[in-house]
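These notes are about the structure you will find just below.
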Amino acid sequence: MTVALVSFQVGILAILLEALRRRDAAAATNALVSFAVTLLPAAVEYVAEARFGASIAFGTDLPLWIAIAGFLHAVGMLGPYDSVWWWDHLTHLVSAALVAALVYAGFLVLTPALGWWQIGLLTICVTFVVGVLWELLEIIARRVGIRYDVEPVLVHYGWRDTAFDLVFDVLGALLVVLFDLRLFVPVADQSLESRGVTVIGASVLVFAVALVVLGLDARSGES
Numbered sequence: 248m249t250v251a252l253v254s255f256q257v258g259i260l261a262i263l264l265e266a267l268r269r270r271d272a273a274a275a276t277n278a279l280v281s282f283a284v285t286l287l288p289a290a291v292e293y294v295a296e297a298r299f300g301a302s303i304a305f306g307t308d309l310p311l312w313i314a315i316a317g318f319l320h321a322v323g324m325l326g327p328y329d330s331v332w333w334w335d336h337l338t339h340l341v342s343a344a345l346v347a348a349l350v351y352a353g354f355l356v357l358t359p360a361l362g363w364w365q366i367g368l369l370t371i372c373v374t375f376v377v378g379v380l381w382e383l384l385e386i387i388a389r390r391v392g393i394r395y396d397v398e399p400v401l402v403h404y405g406w407r408d409t410a411f412d413l414v415f416d417v418l419g420a421l422l423v424v425l426f427d428l429r430l431f432v433p434v435a436d437q438s439l440e441s442r443g444v445t446v447i448g449a450s451v452l453v454f455a456v457a458l459v460v461l462g463l464d465a466r467s468g469e470s
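Numbering (my numbering), first residue to last: 248 to 470.
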């Protein structure tokens, strides 16, 4: 565990305390989830070994990237999402790029017969679909909040905002593909060797879903 990772985790916990001090339930919930997601790599390593006898080492890059995305998101929930015009775009870019990097590594290992451009296109499409699903979740959360007269944890800011969100999701995926970012390929390789397609597929799925829970763009405020 690196100093950088611990620093971002401590930062998220500090934001959680500040959200509780403000009695901001949405910000506190998102900070808590953001911190929990930073622990997922270690949890998956433990479960893979204890339950399946598979040795998987994610290293420090994955949890650090998750922690950075979580920190940006948690900070944004305290106000920058509403007061700093580019904060939302930055958070989307970082989070979407992480999802894309995981998906890209999975495709590189599982579909070696495909060409670079085909894998790149698949990566961009999957990242875009994840972004669309998240936007739909925001809309549902908003409607549920209105129906039950409670503050929604996720808020939909309108179709213009949705369009910008998806643009930056695709941009994050494009950067991963264009720079041929293979940061997580070693993880995919060792997972495949240790337990086959099931383990690597489940690992990629877990972290893709984790990023959705973390929020490609979960914000507080009014539409």
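Just so you know, even glycine gets a beta-carbon here, dropped at the ideal spot from N, CA and C. Model, not experiment: these values are computed from the prediction.
- Shortest alpha-carbon distance to H339 belongs to which of L425, A420 and R407? A420
- Under 8 Å by Cβ, that's how I've got N277 and A321 pegged, so tell me the actual separation to the nearest angstrom. 6 Å
- Message: One question on the structure: do F354 and I371 come within less than 8 Å of each other, judged by their Cβ atoms?
- Response: no
- Task: Would you kindly work out how many angstroms separate the C-alpha atoms of D329 and P359, rounded to a whole number?
- Result: 43 Å
- Three-way DSSP call (helix, strand, coil) for R407 in this model: Collapsing the DSSP output to three states places R407 in a helix.
- When DSSP labels each residue in this structure, what does R268 get in the three-state scheme? helix
- Message: Can you find the residues in the same chain that come closer than 7 Å, C-beta to C-beta, to A251, ignoring five residues on each side of it along the sequence?
- Response: Spatial neighbours of A251 in its own chain (CB-CB distance under 7 Å, excluding positions within 5 residues in sequence) are listed in chain order as L311.
- Task: Count the other C-beta atoms from every protein chain shown that fall within 10 angstroms of the C-beta of Y351, then say buried if there are 16 or more, exposed otherwise.
- Result: buried
- Query: What separation, rounded to the nearest whole angstrom, lies between the Cα atoms of I315 and G362?
  - Reply: 31 Å
- Considering only residues of the same chain and omitting the five flanking positions on each side of G258, which have a CB-CB separation below 6 Å? F318
- With a threshold of 16 other CB atoms inside 10 Å of the CB of F215, please say whether the residue is buried or exposed. No answer is possible for residue 215: the residues shown for the chain start at 248 and end at 470.
- Item | W333 in three-state terms, based on DSSP | coil
- Thinking just about the alpha-carbon of each residue, which of V376, T374, L357 and V291 is nearest to the one in A188? Beyond the ends of the chain as shown, which are 248 and 470, falls residue 188; an answer cannot be given.
- Segments assigned alpha helix (DSSP H), at least 4 residues, entirely inside the region 284-354: 287-299, 308-324 and 327-330
- Query: Considering only the beta carbon of each residue, do G323 and D308 sit closer than 8 Å?
  - Reply: no
- Straight-line Cα distance separating L369 from A261: Roughly 38 Å separates the two Cα atoms.
- Query: From L380 to A410, what distance separates their C-alpha atoms?
  - Reply: 13 Å
- Query: In chain order, what residues of the same chain have a beta carbon less than 7 Å from the beta carbon of G378, not counting five sequence neighbours either side?
  - Reply: A343, D412, L413, D416 and L463
- Quick one: using the 10 Å Cβ neighbour count with 16 as the cut-off for buried, is S281 buried or exposed? It is buried - the Cβ of S281 has at least 16 other Cβ atoms within 10 Å.
- Query: Of all the options R390, P327 and A289, which has the alpha carbon lying nearest to the alpha carbon of A274?
  - Reply: P327
- For F255, collect the residues of the same chain with a Cβ closer than 8 Å to its Cβ; drop the 5 residues on either side in sequence, then sort them by chain order. So the qualifying residues of the chain are T285, L311, A314, I315, G317 and F318.
- Own chain partners of L325 with C-beta closer than 6 Å, once the 5 adjacent residues on each side are dropped: The residues A274, in chain order, have a CB closer than 6 Å to that of L325 in the same chain once the five nearest residues on each side in sequence are set aside.
- When you compare only the Cα positions, how much space is there between V423 and D271? 35 Å
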